[in-house]
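Accompanying notes for the structure given below.
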């Protein structure tokens, strides 16, 4: 999530089921948690990306795998 967040930085997230494109979320990908930005939501599938230019950090997960929306530190919605 560089440059928005640093590796190892602590974040707080609201556990909510309502999220939208552009928000930064905590999600389960396989057996680990990741912090990524929502690029799109389509038919229950959420595409997550990092804020850097590497497209290899793109994940597609079920919307049920989204644990919450990051609220601290505050990050802008793109």
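Residue numbers (our numbering): 5 to 82.
Ideal Cβ positions, reconstructed from N, Cα and C, are used throughout, including at glycine.
Grouping DSSP H, G and I as helix and E and B as strand, with all else coil, what is residue i?
i, result
"residue 25", "coil"
"residue 51", "strand"
Looking at residue j and residue i, is the spacing between their C-beta atoms short of 8 Å?
i, j, result
"residue 25", "residue 42", "yes"
"residue 50", "residue 70", "yes"
"residue 8", "residue 67", "no"
"residue 29", "residue 74", "yes"
"residue 62", "residue 27", "no"
So what does residue i bridge to, in DSSP terms?
i, result
"residue 80", "In the DSSP output, where bridge partners are listed per residue, residue 80 has none listed."
inquiry  = Within 8 Å, do at least three Cβ pairs link the region 9-17 to the region 31-38?
reply    = no
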